[in-house]
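Take a look at the structure set out below.
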Amino acid sequence: MSGRGPIFRPGASAKFRACLLLGFVLLLAVTDAGYAFYHSPWWSRVGFASDQPVLFSHRHHAAELRIDCRYCHSSVETSPFAGMPPTETCLSCHSQIFGTTALLRPVVVSAETNQPLRWNRVTRMPDFVYFDHQIHVAKGIGCTSCHGAIGSMALTAKGERLDMRQCLECHRDPRPFLRPSAEIFLPAWTPPADQAARGAALAAHYGLALRHLTNCSTCHR
Amino acid sequence: MPPLTSLPARSPEFAEGADVWPPDLDRRGFLGLMGASLALGGLAGCRAAKTLVPYTHQPDSVVPGLPSFYASACPCEGFARGILVEAHEGRPTKIEGNPRHAESGGAADAVTQAAILALYDPDRSQAPLHQGRPASWPEFESAWREEDRRLAPVGGAGLALLTEPTTSPTVRAGLHRLLDRFPRARWFQHTALARYDAEGFQPDYDLAEADVILAIEGGFLDRHPAALRYTRAFAGRRRVEKGAVRANRLYALESAWSLAGAMADRRLAAPPARLPAILNAVATAWSREPLPETLDREERAFVTALTADLRRPGRKVLCIAGDEQPAAIRRWAQRLNQVLGAVGKTIRYRAAVRSDGDPRSAGDLGALADAIARGEISALAILGANPVYTGPADVEFAARLARVPFTLHLGGYADETAAAVRWHLPESHFLEAWSDLRGYDGSAVIQQPLIDPLYDTRSLGEVLRLLAGDPPLSGYDLVRATWRARLGADDFDGHWTRWLNAGVVDGENTPTANPEPAEAEEPVPYLDPEPAAALTLVLRPDPWLGDGRHANNGWLQELPRPFTALVWDNALLISPQLGREQRLENGDLVRVECEGRVVEAPVWLVPGQAEGCAVAHWGGGRTRAGAVGSGRGFDAFRLQSRSGRARGLKLTATGRKTRLASTQHQFAMDGRDPVQTFALRDLGRLRPEQPAISLYPARARDTYAWGMSIDLSTCIGCSACVAACQAENNIPVVGKEQVLRGRVMHWIRVDTYFAGEPGAERCHSQPVPCMQCENAPCELVCPVGATVHSSEGLNEMVYNRCVGTRYCSNNCPYKVRRFNFFDFRAAADSILHLQDNPEVTVRQRGVMEKCTYCVQRINRARSEAERDNRPIRDGEIRTACQQACPAEAIVFGNVADPASAVAQRKAEPSSYSLLAELNTRPRTTYLAKMINPA
Amino acid sequence: MSAHPPSPEAIVDPTATLTSVTETVSGPILHPPWPRLWLAGFAGAFVVTLGLFAAIGWLFIRGVGIWGINIPVAWGFAIVNFVWWIGIGHAGTFISAILLLLHQTWRTSINRFTEAMTLFAVACAALYPVLHLGRPIYAYWLLPYPDTMGLWPQFRSPLVWDVFAVSTYATVSLVYWYVGLLPDLATMRDRAASTVGRRGYGILALGWRGDARHWAHHEKLYLILAGLATPLVVSVHSIVGMDFAIAILPGWHSTIFPPYFVGGAIFSGFAMVLTLVIPVRALFRMEGLITLRHLELMALVVLTTGWIVTYGYFSEFFTAWWSGDEFERFVQANRALGPYAPAFWLMLTCNVLIPNLFWSRRLRRSVPVLFGVAILVNVGMWLERFVIVVTSLHRDFVPSSWGMYIPTFWDWSTFIGTIGFFLALLFLFLRLLPAISMSEMRGLVIKAKESGE
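So the protein lines, in turn, are chains A, B and C.
Residue 101 in my numbering is what sits at position 101 of the first sequence, and the numbering runs on without skipping anything.
Residue 1385 in my numbering is what sits at position 385 of the second sequence, and the numbering runs on without skipping anything.
Residue 2048 in my numbering is what sits at position 48 of the third sequence, and the numbering runs on without skipping anything.
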């Protein structure tokens, strides 16, 4: 030690140790928080409704009026793309009812000016993901399995996380999610108590080939 | 294929539905394609569009998310090629062959398939030009009315039309209508490409029947309007099935390689100057006279072997003279066929389909030039041709053109001719316009548009009508009018719909006509020997660019040329011997002088080319082709003369060099025999390849095990598969600079190998896609699992997982993987994205990519099959390359099913896998090339 | 090498005393003016480092296409430099850990310095695996972490092993180096004149007071770390060797690679130590602490490992010939006669012939010769990696896909840039930290005195 006065006040090393500890804890906390956020709805946008040109309620149309999904999403059974209703579809009813209300003005304008409605996507897949609606509905996966309880949505929101893990979960073993053909388009569906048994039976009924479902090229190409 | 009732294009739904409709149709996209893109990051756009935009009124013909196919026709030197065009939400994306059209048979060549890119070419002419300045159609119409007022009284004296020969009944009717209106007007026809039927009839070969074929300068597998049909028939006689084949024998006599030469069982490379002597020798040998002394050893051997074969009883023989051959030699071949009794058996003559010999036609470009020189022409309408570029040098058409007061040009591009005329009118692409065409076999096809004209363009038929001063009629009505007149009104619409569905007009074939009668005993004409020339210049159309009309097509510019693998530039092809004599190497610039005409060109050495000649391809040296095609290579038309003769060629080295981009640098097999061949006589002795033993258990197989077999006996190396793959899989064009750096992106390549002694070279083509190894070396080394094995044996490449270590490519023994070294995508707002296949990811910078066996087609088929609870049928899935192949050399399917076509082929004794010793167990295997020597 | 010094002379200058040691080492750091050469050197290195950043910036803007790589040669300078730097990074741990365990006291005066060199070399090396990626922002996919994709790295790939090997090596080396520094940091703290210096060194010294307990712990920890570091010396470059050996590529697929790479690494590492130590001892007047004998001993290590490398070359050729595999044979022939032959022959000259000069005692004791040979060995070892990476790739199995690799301006600037970066770090180290372990040297001096009396 040189004769000069002390560099640090007493207890410096205690403080120093405290800082080390604190830093370590902080690091853990930040990592944890990041992880939590990454796996939270704020990241996956589940339950967030985006605004739309027309205040369309799936709850009203699908659940209360019991209009079949396929009435508007007409290509869901034939095409990878479920289809969005052309304006004329809306008008098939609304030329008769509520046609004059402010709520429906955009629809009427669209028809008059031949300018399409612009809906904001609720479910956005990365464009390297190729989802095929027709095979899913053909093989017993219902709308609500991926789109959530659409029948209870006044404003349409993203219903499921739809991250790769969720896709894989079902592609590894779809049985817990399989429904009979009649129930595919129900606006609300909860698996029955005996789903385990039913799922297995349905898998056989649909003749599901499982092995290729977890191939990367099933969704990415 | 439903008839096209409504054209969704231009309507706002389509615009939005397509997701990318550029606000301005600029050229940045193309620069991007050419690898010059400076786009930062390259990480853009990995999420779907924010908005969903439905139709307001959905056309019944469109199911969103599903492609629709429409039958139409693609013009090839004026002749029809039946095509099916794939469209997504009204956006044409791919051209395929129409199985119901004889001239296609479901196949499509590279040039036809590349036409889809031309549709979206930002450099297309988009509006009329008046002396180079933008103008409008009404302006032109008033200008023409003035001209019309001048011409009408004198019956159109001084008016000249210049068109390319056409097979379109509607266009021809329009021309005749115009000539009726102006009886003293004159109609000239010009095409640089060979004329098949100037004599009023055209030969048609039956290659399924011919046992012995003599091909003089090729002329039936490549650059022929019926090439696809001929290839299919020819391949039928080369394919080994169940260990048996009814093999024909092909003798090729040619100066430079043709696809036929590469398939020949015996080939003699001789310069054009030697042709008459050799052919005369054939004739004398046929009449059992001793061969003249002038022949050297190889020539002698060739002639003896050939005549021996021709004589053998019970053989159906056929002699084919290449398209560019002088009339004398074509006549010689014709007579030989008669003497050998081939007519009616292996060769038929039918009345001319194309308008070359039209009685109302007043001659060719030369005749027009003379007329102008005589000051007889006061108004000239050039419709569809580009004579300023494609005219022979000694016609000096540009200079003549300047002497005509009123000139107009109709064309798809503002090309060299457009720059030399007063009025340039933009012509619609054939996918935008109604018309009709005839195939080489005379079969008629309605050319049905897929989309409204993208720009303010019109079709030839419409313009002819405009010039004739008739009230305007839409192309649709014009074509219907033509056919209603032919068919009569009864149930016309029924027929019409059926024709559009099938893509062929039923019951429309030109009857076979006999050529002028010739007494059988009249001998084969004696050909005057050519003066022995040290060097002869051989001028040929470019394999892809033809006479340069496709020069602005990036796909074709970057498609490796057969025998040289050259891209982006043409070169003067010479033999290695000549190269040695003159101390010339690849890329050396030489001064090419021929009868006083001079150009400067780089040379390229081609083994197996005749020593006494140099080959130059047209299509280079364009000055106004567009951003892609201008200034590529040199202009061989500057060496072209009216007579077509090009002797006394002189080459002098300039001492300078230029860098020629070739996708292959090693053309010798180096003792590794990637291409295996066998002589027909050894067919019985072939033993099937035994899989190498392995310590590891074999992979478990799923219901389907995808595999491919490529038959080298039938592959003619036409590169149709490469073009098909490029169109199907959104493969970018990278540009010359990147090719020079070894970064071409094709997923399937056609390797070329020269084998054999100098003087007796053979050439082998080998298409190489991903081998989809069962023990794939690439999979082991990827640190993130971006390339993995599927349960069905696909070696999958997951672009969105790839981080770009490139180790997979290093470890790939076949080097079939391709890497996005730069962002090769078109700019986000480029119109070129309209061609993208929505079923395939557009790869971004820094990811590896490769052949996937067209997995998008597999998935589509499986999805439909599983929906209907049935297995996928054999042949239900056809990869893009397989679909395009005219020789049916590629077969794809489920190897787990022993009954499948691919399993059958793999069971052939001639089946082998590339680099089998590595035990990678490729799913893509080859059938060894069968050769049938005398 | 033997524990007995080959020459009678001492490993410490006899005249050295405790104070003289401390003074020589800490003096130049604490008492300005700083040597002009240092300033010039640092300035130069720093400018080159800026060049490196520019090159990296352009790389991120345009993509790896700015390099000469292509198909077939998809790996170029990036991997060559990576292996080269990692190799250089080997000497440090080898000297400080293994020689410590072998009681090679002569290591004392150079271990600190070489450890620093190791760290900086590894830092340079670690840049490349990330830079050479097509999509560097996804480099973290090589780490196992719970993602929403439910995916993990592909553990069969040697590139994943690399991540662990290199990061572990870097961490342990760093800790080892820092622990060794503690007593000296305390000394610096106590000798520093400025408050900043005193506080700075004080914090870094972690309150080292040098009492018996501290020393006891320190000794133990130091030995344990040495034990930990030792296997890493072998593991790291073995795994780097496997990056190639795992591939089926002729010229890469060879079982000799791991040992042959480790040998080569130590070879190049010691060459680099010589290259750096020789100017430094002159610059800071440390001839008394880093004596000729140190240099001579290192020369002997170079000679030995040189022969290991030579054996590696020989066995590569022999197995290629013996296997009878046409591809293996071709690759070897192509190396010697192909378009890259000059690189190959220069490599042989530098790595096989030149080191044999050290058989002569006179030559291995002549500083200029030592320096020249060291430089040449560095060049040779870089060429070795170039030959392995490029000549194997550019002509592999199918002739149609053969190609050439021509490095571009950006290849070179990135390479030279890392050299600048390395030197810049080294200069800072010399400037701010004791380049020789004072505590251990004092120990030696005392021992020397005792044995002297």
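Glycine is no exception: its CB is placed at the ideal position from the N, C-alpha and C atoms.
Keep in mind that this is a model prediction, so the values were computed, not measured.
Could you name the residues of the same chain whose beta carbon sits closer than 6 Å to that of residue i, not counting the 5 residues immediately before and after it, in chain order?
i: C/Phe2429; result: Ala2116
i: B/Arg1923; result: Gly1707, Gln1772, Gly1793
i: C/Arg2036; result: none
i: A/Gly159; result: His147, Gly148
Quick one: give me the first and last residue of the beta strand (DSSP E) that residue i is part of.
i: B/Val1111; result: It is not in any beta strand (DSSP E) - B/Val1111 instead sits in the alpha helix (DSSP H) that spans 1110 to 1119.
i: B/Phe1188; result: 1186 to 1189
i: B/Pro1940; result: The structure shown does not extend to residue 1940 of chain B, since chain B spans only 1001 to 1934, so no value can be given for it.
i: C/Trp2085; result: That residue, C/Trp2085, is in no beta strand (DSSP E); its alpha helix (DSSP H) goes 2077 to 2088.
Looking only at its chain, what residues have a beta carbon closer than 7 Å to the beta carbon of residue i, apart from the 5 residues adjacent to it on each side?
i: C/Met2404; result: Pro2339, His2394
i: B/Glu1774; result: Arg1699, Gly1793, Arg1921, Arg1923
Is residue i helix, strand or coil by DSSP?
i: B/Pro1777; result: helix
i: B/Gly1619; result: coil
i: C/Met2298; result: helix
i: C/Tyr2140; result: helix
i: C/Pro2279; result: helix
i: A/Thr144; result: helix
i: B/Lys1929; result: strand
i: B/Leu1712; result: coil
i: A/Thr156; result: coil
i: A/Cys216; result: helix
i: C/Ser2400; result: helix
Name the two residues that bound the continuous alpha helix (DSSP H) containing residue i.
i: C/Gln2332; result: 2326 to 2337
i: A/Tyr206; result: 195 to 206
i: C/Thr2418; result: 2409 to 2432
i: A/Ser110; result: 105 to 113
i: C/Lys2220; result: 2212 to 2245
Chain F beta carbons: is any one of them nearer than 7 Å to that of residue i?
i: C/Thr2148; result: Among the protein chains in the structure shown, which are A, B and C, there is no chain F.
So, using beta-carbon positions, are residue i and residue j closer together than 7 Å?
i: B/Ala1102; j: B/Leu1084; result: no
i: B/Val1240; j: B/Met1848; result: no
i: C/Ser2392; j: C/Leu2159; result: no
i: B/Pro1067; j: B/Glu1096; result: no
i: C/Met2438; j: C/Val2025; result: yes
i: B/Leu1437; j: B/Thr1167; result: yes
Given a threshold of 16 other Cβ atoms within 10 Å of its Cβ, counted over all protein chains shown, does residue i qualify as buried or as exposed?
i: C/Trp2085; result: buried
i: A/Arg211; result: exposed
i: B/Ala1044; result: Residue confidence for B/Ala1044 is low, a pLDDT of 34 falling below 50, so the modelled location carries little weight; the figure read from the coordinates is stated next. Classification of B/Ala1044: exposed, given that the 10 Å Cβ count is below 16.
i: B/Arg1145; result: exposed
i: B/Lys1242; result: exposed
i: B/Lys1050; result: exposed
For residue i, which residues in the same chain have their Cβ closer than 8 Å to its Cβ, ignoring the five residues on either side in sequence?
i: C/Tyr2169; result: Gly2089, Thr2093, Val2122, Leu2232, Ser2235, Val2236
i: C/Trp2152; result: Pro2144
CB of residue i to nearest heavy atom of the ligand MN: below 6 Å?
i: B/Ile1872; result: The ligand content of the structure shown is nil, which means the ligand MN is not present either.
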